[in-house]
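Participant: Numbering (my numbering), first residue to last: 37 to 444.
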């Protein structure tokens, strides 16, 4: 991943702190070498800064180069300014840079940097031992092993935290668009830490948020956003399985008359009762939604056109015999419904769902134009019949892509 040039300078600043430690506790005879190394490092920083000037991002390889420059500076300044007994400072400086790299640049850079630092420290100890400086090689190797092992543990934990945070970010991004279908999986968390607590809290309120965002408060059915998500999921499932799906668009006939004659409270009561009737009529896996003022939609999984038409006829019959509750109307209000039906097997095209809904809506429109209180099933001939009016009223495209194939 490309990195911000400002982040690269962080590692360079950390290494400058190492210089202060070395100069404060080191030996004086390496002053000339320290100055030379410092000037070389300053030139490296200046060249890197000039290269990055005006750039918005730095490549991962450039980040690695900058971090390797940090390591080289740390070990060079330690070798020049510290006695062999204090060479562990280079190791500790390396670990600081590794953790800074992990924080700013991610696990790949830190895992790449750690073995480089470990090998460089082992080479520094071997060099000191070959010159007879009295370095206890075994003791230094133990220091290397313990420090490296501890860093591996910390980096592993940090990587796990970062991975789980990314999962949470994905969940919240999906929730921002009204998708609450996936919960945070707590089973993989080793211990109940802060990340797990956030995930647990998300799971606790997820269904409440979904109800608030995806459900129509008046009818208890899905709203348009919830229906669009359900339609997309069912399209994906049906495409994989090769199943047919059916979609019904329903519109209450002369609903405006109810509002005008009996008031909006009566209209709300009719809408509420309509939602209850439709939810009672469908199967467990089917979806009922209120997608407009008095317009509803029903999504029928694994259903053919003939099966959907039969079900739609039963819905119309149900409305014909039902009387809707109204305080001001003795015996209840009679309400009729016009239904458009379309069915087929999706091909996997992204436009399938939208085109399916447009065809169901067109069939419903045809039902209204031909007398209301009836069912119309979409066919190409039906669209030719009403295309001029639909083009004007619904702004449908004149080109009709073939997105549904006939069942075998």
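Beta carbons: idealized from backbone N, C-alpha and C, even for Gly.
Quick one: what does DSSP say residue 216 is sitting in, helix, strand or coil?
Facilitator: The residue labelled residue 216 in the question sits at position 180 within the chain shown. Note: residue 216 maps to coil in three-state DSSP.
Participant: List the whole-angstrom C-beta distance separating residue 283 from residue 396, where the pair is believed to meet the contact cut-off of C-beta under 8 Å.
Facilitator: On the chain shown, residue 283 is found 247 positions in, with the first residue counted as 1. On the chain shown, residue 396 is found 360 positions in, with the first residue counted as 1. Between residue 396 and residue 283 the Cβ distance is about 4 Å, and since that is below 8 Å, they are a contact.
Participant: What did DSSP end up calling residue 412 once you bin it into helix, strand or coil?
Facilitator: By one-based count along the chain shown, residue 412 stands at place 376. Looking at residue 412 - three-state DSSP - the assignment turns out to be strand.
Participant: Does DSSP put residue 254 in a helix, a strand or coil?
Facilitator: The residue you call residue 254 lines up with position 218 of the chain shown. Looking at residue 254 - three-state DSSP - the assignment turns out to be coil, as it is neither helix nor strand.
Participant: Give the straight-line distance between the Cα atoms of residue 112 and residue 185, rounded to the nearest whole angstrom.
Facilitator: Here residue 112 refers to the residue found at position 76 of the chain shown. Here residue 185 refers to the residue found at position 149 of the chain shown. Cα to Cα, the separation comes out at about 24 Å.
Participant: Just the C-alpha distance for residue 154 and residue 85, rounded to the nearest angstrom, thanks.
Facilitator: The residue labelled residue 154 in the question sits at position 118 within the chain shown. The residue labelled residue 85 in the question sits at position 49 within the chain shown. Straight-line Cα distance between these residues: approximately 28 Å.
Participant: Using a Cβ-Cβ cutoff of less than 7 Å, which residues in the same chain neighbour residue 222 once the five nearest sequence positions on both sides are dropped?
Facilitator: The residue you call residue 222 lines up with position 186 of the chain shown. The residues are 232, 235 and 236.
Participant: Express the C-alpha separation of residue 347 and residue 341 in angstroms, rounding to a whole number.
Facilitator: Within the chain shown, numbered from 1, the residue matching residue 341 stands at position 305. Within the chain shown, numbered from 1, the residue matching residue 347 stands at position 311. Each residue's Cα considered, the two are about 10 Å apart.
Participant: In the DSSP assignment, find the unbroken alpha helix (DSSP H) run with residue 226 in it and report its ends.
Facilitator: Stepping through the chain shown from its first residue, residue 226 is reached at position 190. Careful: residue 226 lies outside any alpha helix (DSSP H) and carries neither H nor E.
Participant: Using a beta-carbon distance below 9 Å, is residue 281 in contact with chain D?
Facilitator: The chain labelled as chain D is not found in the depicted structure, where only one protein chain is given.
Participant: Whole alpha helix (DSSP H) runs in the region 317-388 with 4 or more residues, listed along the chain?
Facilitator: With a minimum length of 4 residues, the continuous alpha helix (DSSP H) runs that stay inside the region 317-388 are 341-357.
Participant: Compare the C-alpha of residue 183 against each of 210, 124, 207 and 205 and name the closest.
Facilitator: Counted from its first residue, the chain shown places residue 183 at position 147. Residue 183 has its Cα closest to that of 124, out of 210, 124, 207 and 205.
Participant: Consult DSSP for residue 61 and reduce its assignment to one of helix, strand or coil.
Facilitator: Working through the chain shown from its first residue, we reach residue 61 at position 25. For residue 61, the pLDDT reaches just 48, beneath the cut-off of 50, and the residue's location in the model is therefore unreliable, although a value from the coordinates is still provided. The answer is helix: DSSP assigns residue 61 an H, G or I state.
Participant: From residue 83 to residue 105, what does the alpha carbon distance come to, in whole angstroms?
Facilitator: The count along the chain shown starts at 1 and reaches residue 83 at position 47. The count along the chain shown starts at 1 and reaches residue 105 at position 69. If I take the Cα positions, the gap works out to 12 Å.
Participant: Take residue 325 as the anchor and find which of 294, 247 and 147 has the nearest alpha-carbon.
Facilitator: The sequence position of residue 325 within the chain shown is 289, counting from 1. Nearest of 294, 247 and 147 to residue 325, Cα basis: 247.
Participant: Please state if the CB of residue 362 and the CB of residue 302 are separated by a distance shorter than 9 Å.
Facilitator: As a position in the chain shown, residue 302 is number 266, starting the count at 1. As a position in the chain shown, residue 362 is number 326, starting the count at 1. Contact: yes.
Participant: In angstroms with no decimal places, state the Cα-to-Cα distance between residue 432 and residue 398.
Facilitator: In the chain shown, counting from the first residue as 1, residue 432 sits at position 396. In the chain shown, counting from the first residue as 1, residue 398 sits at position 362. Its pLDDT being 45, under 50, residue 432 is placed unreliably by the model, and nothing is read from it.
Participant: Check each candidate in 220, 99 and 228 and name the one with the smallest Cα separation from residue 239.
Facilitator: Start at 1 with the first residue of the chain shown, and residue 239 comes out as number 203. Of the listed residues, the one whose Cα sits closest to residue 239 is 220.
Participant: Which residue wins for smallest C-alpha separation from residue 343, given the options 354, 149, 380 and 168?
Facilitator: Here residue 343 refers to the residue found at position 307 when the chain shown is read from its first residue. Closest by alpha carbon: 380.
Participant: Going by DSSP, what residue range makes up the alpha helix (DSSP H) through residue 158?
Facilitator: Locating residue 158 in the chain shown gives position 122, where the first residue counts as 1. Its alpha helix (DSSP H) spans residues 143-166.
Participant: Secondary structure at residue 172, three-state DSSP: helix, strand or coil?
Facilitator: Residue numbering aside, residue 172 sits at position 136 when the chain shown is read from its first letter. Three-state result, residue 172: coil.
Participant: Given a threshold of 16 other Cβ atoms within 10 Å of its Cβ, counted over all protein chains shown, does residue 262 qualify as buried or as exposed?
Facilitator: Within the chain shown, the letter at position 226 stands for residue 262. Flag for residue 262 reads buried.
Participant: The beta strand (DSSP E) spanning residue 266 covers which residue range?
Facilitator: Start at 1 with the first residue of the chain shown, and residue 266 comes out as number 230. No beta strand (DSSP E) contains residue 266, which is instead part of the alpha helix (DSSP H) from 260-277.
Participant: Starting from residue 116, trace the alpha helix (DSSP H) both ways and give me its first and last residue.
Facilitator: Working through the chain shown from its first residue, we reach residue 116 at position 80. Taken as a continuous stretch (DSSP letters only), the alpha helix (DSSP H) holding residue 116 covers 96-117.
Participant: Sorted by chain position, which residues of the same chain lie with C-beta nearer than 7 Å to residue 327's C-beta, five sequence neighbours on each side aside?
Facilitator: To locate residue 327, count along the chain shown from 1; it is residue 291. So the qualifying residues of the chain are 260, 263 and 333.
Participant: If you pair each beta-carbon of the region 164-180 with each one of the region 192-206, do three or more pairs fall below 8 Å?
Facilitator: With a cut-off of 8 Å, the region 192-206 and the region 164-180 do not count as touching, because too few Cβ pairs lie within range.
Participant: For residue 109 and residue 132, which I take to be in contact (beta-carbon distance under 8 Å), what is that distance rounded to the nearest angstrom?
Facilitator: As a first step, residue 109 is located in the chain shown; it is residue number 73 there, counting from the start. As a first step, residue 132 is located in the chain shown; it is residue number 96 there, counting from the start. Actually they are not in contact, since the Cβ atoms of residue 109 and residue 132 sit about 13 Å apart, beyond 8 Å.
Participant: Could you compute how far the alpha carbon of residue 88 sits from the alpha carbon of residue 97?
Facilitator: Taking the chain shown and counting its residues from 1, one reaches residue 88 at position 52. Taking the chain shown and counting its residues from 1, one reaches residue 97 at position 61. If I take the Cα positions, the gap works out to 13 Å.
Participant: Would residue 410 and residue 352 be called neighbours here (beta carbons separated by less than 9 Å)?
Facilitator: By one-based count along the chain shown, residue 410 stands at place 374. By one-based count along the chain shown, residue 352 stands at place 316. A contact, by the Cβ cut-off of 9 Å.
Participant: For my contact list, residue 266 and residue 335 are in at a C-beta cut-off of 8 Å; report their separation, rounded to the angstrom.
Facilitator: To locate residue 266, count along the chain shown from 1; it is residue 230. To locate residue 335, count along the chain shown from 1; it is residue 299. Going by Cβ atoms, the distance from residue 266 to residue 335 rounds to 6 Å, so yes, they are a contact pair.
Participant: According to DSSP, which residues form a beta bridge with residue 282?
Facilitator: Within the chain shown, residue 282 is the residue found at index 246, counting from 1. Answer is 336 and 379, bridged to residue 282.
Participant: Within its chain, find whatever has a CB closer than 6 Å to the CB of residue 80; leave out the 5 residues flanking it on each side and keep chain order.
Facilitator: Translated into positions along the chain shown, residue 80 becomes position 44. Within the same chain, residue 80 has close Cβ partners 105.
Participant: Quick one: what's got a C-beta closer than 8 Å to residue 218's C-beta in the same chain, skipping five residues either side?
Facilitator: Against the chain shown, residue 218 aligns to sequence position 182. So the list reads 207 and 210, once near-sequence residues are dropped.
Participant: Can you give me the Cβ contacts of residue 60 inside the same chain, cut-off strictly under 6 Å, excluding the 5 residues immediately before and after it?
Facilitator: Position 24 of the chain shown holds residue 60. Residue placement at residue 60 is flagged as unreliable, the pLDDT there being 48, under the threshold of 50; a coordinate-derived value is accordingly withheld.
Participant: When burial is assigned at 16 or more other CB atoms within 10 Å of the CB, is residue 412 buried or exposed?
Facilitator: Reading the chain shown from its first residue, position 376 is the one you call residue 412. Residue 412 should be labelled buried.
Participant: What distance in whole Å lies between the Cβ atoms of residue 268 and residue 76, which are believed to be in contact at a cut-off of 8 Å?
Facilitator: One-based indexing of the chain shown puts residue 76 at position 40. One-based indexing of the chain shown puts residue 268 at position 232. Actually they are not in contact, since the Cβ atoms of residue 76 and residue 268 sit about 59 Å apart, beyond 8 Å.
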